[in-house]
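Counting in our numbering, the sequence shown runs from 18 upward without gaps. The beta carbon of each residue, even a glycine, is placed where N, CA and C say it ideally should be. Source: prediction; values computed, not measured. This report concerns only the one structure given below.
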Amino acid sequence: MQQLWSDIDAYIESTLIPEDPILIQTLKNTEDKGFPDHLAVAANQGMLLQMLIQMNQCKRVLELGTFAAYSTMWLARALPEDGYILTIEGRDTHAALGQENIDRAGLPQHIELQVGRAADILKALPTDVEPFDFIFIDADKQNYPEYLELCLKYARSGTIIFLDNVIRAGDIINPENVKPSIEGIREMYRLMQNHPRLLSSTALQTVGSKGHDGFAMAIVK
Ligand SMILES: C[S@@+](CC[C@H](N)C(=O)[O-])C[C@H]1O[C@@H](n2cnc3c(N)ncnc32)[C@H](O)[C@@H]1O
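Structure (structure tokens):
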């Protein structure tokens, strides 16, 4: 099935996703430097992020898990020129690559990459920081519950929180899989259920070039 899912993603990409030299350059530089490209969102997923930002006229975006800044480029592309992204990356080699790709892109939006453990950086943000309109959580899965709670401190009513990789080919419902990453995702679902600060939440499973996975999404009350 994987080949079929990848072929369909390629079809969607060739029909609906306009070619963007900056996004192509980001992926090429990532590959040229020997980094795996499977960590990045697929182009049709990037477009979904972009459309959510456009629908909600977001200006301030928070991203946890930069990697090569491919998703960051999708997020930035949807913002007005005075838009702002804070993107956080924990691994030095990924942060260096991400920063290089951000610099090469030369986009007008202000993209700030901070290097360090996402939870530490979030805890160190000033409490009066202007709230983010859109939050993309795509770092280590075992810390998703903590990220959700921390991100809520920097959200406003109407902020959209989007969490990637929350299906893991069905591992989330396999009781034999008790890896910290899977337990972290399960705890995230428990937390989202009836969370007093969330208006509504859902998750969708997806298949495509990145396999069988999916995303969760919530709107802040
Ligand atoms: C799936 S990749 C992000 C992909 C990127 N969002 C994209 O779609 O192009 C996850 C990234 O989170 C980073 N990461 C893992 N644990 C982290 C932590 N505790 N704090 C910050 N970043 C972390 C990893 O080094 C990796 O680069």
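Practice prompt. Find the nearest neighbour of LEU221 within the set GLY82, GLN74 and PHE232, judged by alpha-carbon distance.
Written response: Counted from its first residue, the sequence shown places residue 221 at position 204. Comparing Cα-Cα distances from LEU221 to each of GLY82, GLN74 and PHE232, the minimum goes to PHE232.
Worksheet item: Can you tell which of PRO53, PRO35 and ASN211 has the C-alpha that lies nearest to the C-alpha of ASN61?
Response: On the sequence shown, residue 61 is found 44 positions in, with the first residue counted as 1. Taking only the C-alpha atoms, the option nearest ASN61 is PRO35.
Worksheet item: Roughly how far, in whole angstroms, is the beta-carbon of MET78 from the beta-carbon of ASP145, given that I think they are within contact range, below 8 angstroms?
Response: By 1-based counting over the sequence shown, the position of residue 78 is 61. By 1-based counting over the sequence shown, the position of residue 145 is 128. Sequence inspection shows Val at residue 78; the Met mentioned does not correspond to that position. VAL78 to ASP145, Cβ: 19 angstroms. No contact.
Practice prompt. Starting from ALA233, follow its DSSP beta bridges and name the residues at the other end.
Written response: Within the sequence shown, residue 233 is the residue found at index 216, counting from 1. Answer is LEU180 and ALA220.
Worksheet item: Going by other Cβ atoms of all chains shown within 10 Å of its Cβ, with 16 needed for buried, is ARG134 buried or exposed?
Response: In the sequence shown, residue 134 corresponds to position 117, counting from 1. Exposed: under 16 other Cβ atoms inside 10 Å.
Fill in: Bridge-paired residues (DSSP) for ARG77
Residue mapping note: residue 77 aligns to position 60 of the sequence shown, counting from 1. ARG77 is bridged to TYR101.
Discussion item. If contacts are defined as beta-carbon pairs under 8 angstroms, then ILE105 and GLN131 qualify, I think. What distance do you get, rounded to the angstrom?
Written reply: On the sequence shown, residue 105 is found 88 positions in, with the first residue counted as 1. On the sequence shown, residue 131 is found 114 positions in, with the first residue counted as 1. Right, the Cβ-Cβ distance comes to about 5 angstroms (below 8 angstroms), so this counts as a contact.
Worksheet item: At a cut-off of 7 angstroms, is ALA122 close to ligand 1 when judged by its beta-carbon and the heavy atoms of the ligand?
Response: Your numbering for residue 122 matches position 105 in the sequence shown. Not under cutoff, so the answer is no.
Worksheet item: Quick one: does the C-beta of VAL58 sit closer than 7 angstroms to a heavy atom of ligand 1?
Response: Mapped onto the sequence shown, residue 58 falls at position 41. Yes, the Cβ of VAL58 comes within 7 angstroms of a heavy atom of ligand 1.
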